[in-house]
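In the numbering used here, the protein residues as written are 6 to 86.
The beta-carbon is built from N, C-alpha and C at its ideal position, and this holds for glycine as well.
Everything below concerns the one structure shown next.
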């Protein structure tokens with residue numbers, strides 16, 4: 006499984022990575038991006054799951070969800086609040 010975390014808070018990223026390691030997703034490939042722009046770097050990969058924060062430096066709220074859905078239309082998306 007390939008997971009993309011789109012989050013700009015390093016503490017939250019660490020928390021998510023720790024939770025994933027302690028779960029059944031231990032062997033998942035986890036990539037991180039701190040903005041919508043940076044998340045575009047991973048569109049060439051087969052991302053199964055996107056964990057995305059609503060408030061990012063270059064997007065906020067519904068616009069964040071719309072942008073991620075456009076970039077990763079075939080991926081499951083979980084919004085973090």
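- Item | Length of the line joining the Cα atoms of residue 76 and residue 55 | Cα to Cα, residue 76 sits roughly 10 Å from residue 55.
- Check the C-beta distance from residue 72 over to residue 41 and give it rounded, since I have them as a contact under 8 Å. 5 Å
- Message: If distances are taken between C-alpha atoms only, which option among 57, 70 and 28 comes closest to residue 14?
- Response: Ranking the options by Cα distance to residue 14, first place goes to 57.
- Runs of beta strand (DSSP E) wholly within the region 10 to 62 (minimum 3 residues, chain order): Counting whole runs of 3 or more residues, the region 10 to 62 contains the beta strand (DSSP E) stretches 34 to 38 and 54 to 58.
- Message: Here's the rule: buried if 16 or more other CB atoms are within 10 angstroms of the residue's CB, otherwise exposed. What is residue 23?
- Response: So residue 23 counts as exposed.
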